[in-house]
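**Q** For the record, in the sequence shown the residue sitting at position 516 is 516 according to UniProt numbering, with numbers rising by one throughout.
Virtual Cβ for every residue (Gly too), placed ideally from N, Cα, C.
Take this structure, written in structure tokens, and hold onto it; I'll ask about it next.
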Amino acid sequence: MYYLDVMSSRQCTTSFFTNMTKFILRATPTPDDTEWKFDHIPPQFLSRPSSAASGRRETRFAKLIIFTPENITLQISPLSSNRIVMREDPSKLIIASFEKFRFPEQRPSVASDYMIRMFKAGLYLNGRQYRFFGHGNSQLRGRGCYLREANNDEELDNIIYGLGELTGIMNVAKRAKRIGLLFSGAEVDFILDSQYVGDIDDLTTGDENFSDGCGLISKRLCVQIARMKRILFQGRRYTPCVYQIRYKGYKGVVMLHPDMDKEKRHFIEFRKSMKKFRSTIDNTFAVVGYSTPYAFGRLNNEIVVLLSSLGITNEAFLAKQQTYFTWIEQATSNPIKGFEFLASLGPKYLADAERLVLDGFTPELLRKIRAAQNSELAAFKKNDDSTKERVRMLVHKSRRLYGVCDPHRVLKEGEVHVRVLTSRNGSSTIFGTDVIVVRNPCLHPGDILKLRAVDHPSLNHLVDCVVFSSQGKRSPSSMSSGGNLDGDEYFVCWDPDLVPTKVFESYEYPPNKEITQKTITRQDLARYFASYNNSGMAQTSALHNKWARYHLQGAMSPECQELNALYSQAVDGARVKIPERLRTPPDPPEDSNFILSDLFNAAQSWSQAFLIREGGADSAPVSVEEADELIKRLFSASETTVSEYRLIELARRIARKHKVDFRTYLSYINYGALETHEKYELAASLKISPEEEAYMWNSLLRSDIVSSKDLEDKKLSGSLRVQRLYSSKDLGLHAFFGYLIRAMQGFTRKLVIVKLDERFSFTIFMRGEIKLNEDFPVDGEHVVVATFMRESALKAIPTFTPCTAGFQLYCGEGNIQLFNKYRANTFIHVRKPPANSDEAFIISIALQQISSRVQKQMGRVNRTPIVSIEIHVVSNRDRLAHLLFDLRFDRVPTEEFLRRFTHVDTTYLPNTLEEADLHSLPEALRDVFTKPEGAVKRLLSATDITTQNLDQCADFAWTHHADHQLFWIFDSILDRQPMNQGIVLKWLGTHPLLVFCILKKFLSNDTDSFPEPWD
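Here's what the structure looks like:
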């Protein structure tokens, strides 16, 4: 009998005092061990009193036994919360970890057999027996489980099966998975009475379920849960709109549904698909997770390989990664980049981010920034192995979001609703553009869904989640890696550089076949846990990577698709057998530029250079000029994760500290992101005049050039938020180019309105960073021209004229020229008069490039004086205005749809009588299709042939394109008395030309009316 390791008392004492937190139960366990009985264990390693934690909940402790090939150790560890644990005495529980338990130079089955023997024999501590209790589903993958004090398995069965009707599940893996719901890590928040709970049907079309795992929750209960869990964001209370929950036998997510507060029937409603088993006595409601703002998405190996196979170039990925690296690197040299970097890391870094722009790079802040930079670098190493290729770049135009269904079914097939919290702008809907949606793990090109983001007011209450359509042939969530809506998170990206022009047919992900047995014992469940092996996933994933690297089609190759099918089975716990022909992929070509290798090599080079490069941060005091530049750059920051009003307060603190007039920065503010009371407070505190206050709204509505009707026709009124930066009426024409350069350098979206006379004006929309003093290609991605004329001519001209491929824009001091390839082919040319001259600004326009009718009405515009000019800009942080502005530019068209396998075209051959099988008809009707017309009509008039026989005969004629016979048969149907109206109407619907039979029969010279039933 084993009591402790075979060691001297001196050795035991030394071990005890060397590591007070661990107690060695057995050194070097062997595959031949048959008993696990340990005595003389000090009390401090068996229990510990619970302690208060974070003011509200107490931390409970349990025994943790870690099995490794070197030792079996015992220690006390905090106990994670779940619905089983909260009902149990912690002193009776053991957390067993087998994560690193594998005997050297032995098959994995040797460790599995060891665990099975231990579970069967029981583990004893100071005479108390502990037996296999259960595990959560994530514990299963992490090789951990619970043991509980018990004399036999029946005691544990009574505990588990007393919480729900689970004995009817006769598949071991499925029962273990359902029991695992009770062990899923979650804080038990409250008791939810069943009277407040409702059951509702799923949203289905045929056998397709569009709401699998997605229920509804009222706003009242949403707010209550957020308060009970003390959910905060940026120091304020925050109410998520999606909760991942466990309740009784229900599993999944519930989404905010304000209609429930109006109906007042239930607080929460669960779909049929959410009910995994029937619970008996347990009414505890547990929250597993919830939606959060600013959960930026990251590209990983799998997504990059799939996007690469769909046509995203290596150059695009490398440029995106370099932008990401530059953003990290500049955090210690550029205070605004440092502010963005810290703010993106989460709420705990927000105070440091604000201190950075106020105090500069202090030694303490530099240490924190560099620690965060090193964490980002470390994330590129897989399991701290610097030789393994790993991609993990953050994408700002993306989020990682819970998927939910469209409860109103307003989204069409192929549409998606994405509304996220954005910095300085509050909740913003991504719409009018294409997005990609994918769920990890993903190995099939069809897992990348390309959907159209749209805006539906009825869904605007759903923020920081992705709403899938509930219509169509297949559920979008199931098309991406076989996902569902019971808590799956999806990578959602609207970055045009990462949206492919190709889409690939999705895989259908069939479920694994369930094997049932007559009885299931606790030892069966223990054996399932001990034998669980996810090596099939690792093997298929590694082979998929190799085949994608070798094959010219990448992940679209047949080999990769077959490995994806095997991987999908392994994910669900099935054992898979990989064919030998897939186990040895050929070596890739020598000139192969595999995207993961290119990204990895670039990351390695940058990382090494970054680590040896000295930080260029300057902690010297900030001058007035530097403070001015700092405020401007602060308002130009791309992603700060703070509200607009908080950013204004921060900028005002900088201005006050350095005695800078803050009123000069009003044009940089995104007033559309401010609440009404915030606008009034800002106007009052800065004593803004009524004229200056106009900047707080859409400045186009107060334009001195275009009317409200002009704006409405061009859809530039309403919610579009732009600010007027310059007006020649107020500042004079001579100041135009100075403000134009300011707009080009300080704003990514701007528009210039030019007025020639009372009849004609036009607007140039400019997007992105357009370089000054050089010919810059604009080709429709950067410049669009809109014209304004009086109503007599407005309908004759195009709404917007995009600059097609080949167009270039030169913008410099005193000169703007928009031309197609060559300056001799100029579209628009604005020139400044010589200094100290009385000449006006002049413009030349090739009006024929807009329309010939405009040219006829306006005549020639060559060196024509300009009456007035305005410049309006969009705040760099106003994402909604960006989307509305970009509707004139953005859309990534789908150029090609690729099926999973090549379709071979064949000639269509219609059914004919020559190939028909007449034996499928009654013998008396066969002559209808072989005899001449007269004989057929005599045959059809026979009294022994019923109307139903004629209908059957007509079906045969229709199927085999026997048009003459169909008309003869229909004539005979009309002759039968009484007439069968149902059959007549059926054939009129099937073949409308049969109406001529009716006209010939009832509207001939002999009669002018239909029979009485048809009147």
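(1) If contacts are defined as beta-carbon pairs under 8 Å, then G215 and F270 qualify, I think. What distance do you get, rounded to the angstrom?
(2) For A846, does the three-state DSSP call read helix, strand or coil?
(3) Would you please state the rounded distance, in angstroms, between the beta carbons of A186 and A295? I believe it to be under 8 Å.
(4) In or out: F996 buried (at least 16 other Cβ within 10 Å) or exposed?
(5) What does the alpha-carbon distance come out to for the pair A655 and K679?
(6) What does a CB cutoff of less than 7 Å around S279 pick up in its chain, not counting 5 residues either side in sequence?
(7) Just confirm the distance between the C-beta atoms of F119 and P31, as a whole number of angstroms; I'd bet it's less than 8 Å.
(8) Round the Cβ separation of D497 and R721 to the nearest angstrom and send it over; I've been treating them as touching at under 8 Å.
(9) Taking C-beta to C-beta, are G137 and G180 nearer than 8 Å?
(10) Should V624 be labelled buried (16 or more other beta-carbon atoms within 10 Å of its own) or exposed?
(11) DSSP three-state label for G483, please.
(12) Residues in its own chain within less than 6 Å of G55 by CB, not counting five upstream and five downstream?
(13) Does the distance from the C-beta atom of D434 to that of V499 stay below 8 Å?
(14) Exposed or buried, what is M789 when buried is set at 16 or more other beta-carbons lying within 10 Å of its beta-carbon?
(15) Just the C-alpha distance for I336 and I116, rounded to the nearest angstrom, thanks.
(16) Hey, would you say A96 sits closer than 8 Å to I65, going by beta carbons?
(17) Using three-state DSSP, classify K450 as helix, strand or coil.
(18) Assuming L203 and R409 form a contact by the criterion Cβ under 8 Å, report the distance between their Cβ atoms to the nearest whole angstrom.
(19) Just checking, does the segment 137-150 make contact with the segment 527-534 on the three C-beta pairs under 8 Å criterion?
(20) Hey, how far is the Cα of K931 from the Cα of P992?
(21) Rounded to whole angstroms, what's the CA-CA distance from T21 to Q44? Just pull it up for me.
(22) DSSP on F98, reduced to helix/strand/coil?
(23) Count the other C-beta atoms from every protein chain shown that fall within 10 angstroms of the C-beta of E58, then say buried if there are 16 or more, exposed otherwise.
(24) Anyone know if the C-beta pair for N283 and S211 falls short of 8 Å?
(25) For S689 and A683, I'd like the C-alpha separation in whole angstroms.
(26) For S291 versus C442, is the C-beta spacing smaller than 8 Å?
(27) So, under 8 Å CB-CB, C811 and L772 are touching, yes? Tell me the CB distance rounded to an integer number of Å.
(28) Could you tell me whether the segment 702-711 touches the segment 663-670, using the rule of 3 or more Cβ pairs below 8 Å?
(29) Can you tell me the Cα-Cα spacing of L731 and Q817, whole angstroms?
(30) Under the three-state reduction of DSSP, which class applies to T540: helix, strand or coil?
(31) Go through its chain and collect everything with a Cβ distance to F594's Cβ below 6 Å, but skip five positions before and after it.
(32) Buried or exposed, going by whether 16 or more other CB atoms sit within 10 Å of the CB of G252?
(33) Closer than 7 Å by C-beta to S972: which residues in its own chain qualify, once you throw out the five before and the five after it? Chain order, please.
(34) Under 8 Å by Cβ, that's how I've got L898 and K388 pegged, so tell me the actual separation to the nearest angstrom.
(35) Whose C-beta lies closer than 8 Å to the C-beta of W547 among residues of the same chain, with five residues either side of it excluded?
(36) Can you tell me the Cα-Cα spacing of T521 and F491, whole angstroms?
**A** Per the coordinate set shown:
(1) 4 Å
(2) coil
(3) Not confirmed; about 19 Å, so no contact.
(4) exposed
(5) 19 Å
(6) L163, G164, K248, G249
(7) Not confirmed; about 15 Å, so no contact.
(8) So it is not a contact: roughly 25 Å between Cβ atoms.
(9) According to the sequence as given, residue 137 is Asn; it is not Gly. Cβ distance < 8 Å, so N137 and G180 count as in contact.
(10) exposed
(11) coil
(12) Its pLDDT being 44, under 50, G55 is placed unreliably in this model, and the value from its coordinates should be taken loosely. Here the set comprises nothing.
(13) yes
(14) buried
(15) 58 Å
(16) yes
(17) strand
(18) 7 Å
(19) yes
(20) 26 Å
(21) 9 Å
(22) coil
(23) exposed
(24) no
(25) 8 Å
(26) no
(27) 6 Å
(28) no
(29) 23 Å
(30) helix
(31) R549
(32) buried
(33) L940, S941, L950
(34) Wrong, their Cβ atoms sit about 30 Å apart, outside the cutoff.
(35) S557, E559, C560, L563, L582, P585
(36) 40 Å
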